[in-house]
Amino acid sequence: MGSAPRLKLDGGIPNQLARVPRVAGALEQDGYDGGWTAETNHDPFLPVLLAAEHTSRLDVGTNIAVAFARNPMIVANIGWDLQAYSQGRFVLGLGTQIQPHIEKRFSMPWSHPAPRMREFVAALHAIWSAWRDGAKLRFEGDFYTHKIMTPMFTPEPQPYSAPKVFLAAVGEMMTEMCGEVADGHLGHPMVSKRYLEEVTLPALLRGMQRSGRDRGVFEMSCEVLVATGENDDELALASTAVRKQIAFYGSTPAYRKVLELHGWGDLHTELHRLSLAGEWDTMGSLIDDEMLAAFAVVGPVDTIAAGLKSRCEGAVDRVLPIFLTASQSCITAVVKEFRE
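In structure tokens, the structure reads:
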């Protein structure tokens, strides 16, 4: 019997463009397998371009870009270009965001998120197929229609396959759809190992079964919160920061089911109430040690690499540790031990 595939280690790429070349280059030099951008207060695609320019081996991708803030043609175009420029290293990670942001921040329509995302991915592949094979573009769905593509608007051919499409998903319906139509799954840090094993993976496998695929052709990525430090004071500071982050996520209705699986459904109700009152410090104090351990790897620096592997090996294919307060020397030590 062959050994299990090596767990890949990913890092974050900053959205501030001036920082990207140095950070992306350092990730590659330090032995990371991939680097991800996020769509928060900056565009997620521009940093990917810079990261691709200043690396040669590193996978580069978005985790995530907000799909419903755009349309499939716009995303297909930039995905095609980034895949060509990165020489096949780009991963298009998409997520839905939540209804208030789509409607009130992006001024875009929101309805039926799982069917809409399924159609979004299908439209991407229809567009890429038209560009790659010269087929007539005839995509007409319930949410998106793409039926015009002339030579003037067709990108030049490229020698690489279409970008892999990863989808962020927590709920069972979205996760099952992800397993059916996507190339990979982007796990949220507010997902415990128990939720991953009892809810996420079974839903993904149901989706894969519907499309006639097996687990071997699908890639699972997971973000994991980390609390560590070089001494007790640093570890305590990191733990406090992670508790606050867990509390912030736990106040969001999207993650109530994760808490309910552990019997912590009432915690969401209280966290949500406190979030509306702006009592962020109080929220963090409600996250006890058991909850902290469920959603984070916690301990001295020399225990973190083993903790990440214990949490992720055999369950996911790549892990993105999130260090909220750790110094660069701590992170470097963890990465070195992870690679040994």
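Residue 44 is where the sequence shown starts when you use the numbering used here, and the numbers rise one by one after that.
Positions of the beta carbon are idealized from the N, C-alpha and C atoms, including for glycine.
- In the three-state reduction of the DSSP assignment, Thr271 falls in the coil class.
- For Thr80, the enclosing beta strand (DSSP E) has its first and last residue at 77-80.
- Spatial neighbours of Tyr238 in its own chain (CB-CB distance under 7 Å, excluding positions within 5 residues in sequence) are listed in chain order as Val301, Leu304.
- By the Cβ-count criterion, Met216 is exposed, with fewer than 16 other Cβ atoms from all chains shown falling within 10 Å of its own Cβ.
- Across the structure, Asp257 and Met251 are spaced so that their CA atoms are roughly 6 Å apart.
- Runs of the alpha helix (DSSP H) spanning 4 or more residues and lying entirely within the segment 313-383 occur at 323-328, 332-338, 344-355, 371-382, in chain order.
- Where Val213 is concerned, there is no enclosing beta strand (DSSP E), because DSSP gives it neither an H nor an E.
- Beta bridge pairing from DSSP links Ser150 with no other residue.
- Per DSSP, the beta-bridge partners of Asp53 are Gly77.
- Note on geometry: alpha-carbon atoms of Arg49 and Ile141 lie some 34 Å from one another.
- Using a 10 angstroms sphere on the CB of Trp323, the tally of other CB atoms stays under 16, which defines it as exposed.
- Under the DSSP assignment, Leu137 falls in the beta strand (DSSP E) whose first and last residues are 133-138.
- Counting along the chain, no alpha helix (DSSP H) covers Val234, and no H or E run does either.
- Spatial neighbours of Val109 in its own chain (CB-CB distance under 6 Å, excluding positions within 5 residues in sequence) are listed in chain order as Glu82, Gln140.
- Looking at Thr243, Asp185, Ser370, Thr375, the one whose alpha-carbon comes closest to that of Tyr298 is Thr243.
- DSSP, reduced to helix, strand and coil, places Ser282 within a helical segment of the structure shown.
- For Asp176, the enclosing alpha helix (DSSP H) begins and ends at 156-176.
- Looking from the CA of Leu89, the closest CA among Gly74, Asp73, Phe133, Phe182 belongs to Phe133.
- Annotation: Asp185 is outside any alpha helix (DSSP H) and is labelled neither H nor E by DSSP.
- Counting only the Cα atoms, Met151 lies some 7 Å from Phe111.
- Secondary structure note for Asp124: its alpha helix (DSSP H) is the uninterrupted segment 115-128.
- Residues Lys236, Leu239, Glu240, Leu244, Met263, Cys265 of the same chain have their beta carbon placed closer than 8 Å to that of Ala358, with the five preceding and five following residues left out of the count.
- Cβ-Cβ separation between Val378 and Gly74: approximately 7 Å, consistent with a contact (criterion under 8 Å).
- In the DSSP assignment, Val66 falls within the unbroken alpha helix (DSSP H) covering 63-72.
- The DSSP-derived three-state label of Thr243 is helix.
- Rounded to the nearest whole angstrom, the CA to CA distance from Leu319 to Gly138 is 25 Å.
- Per DSSP, Val91 is one residue of the alpha helix (DSSP H) stretching across 88-96.
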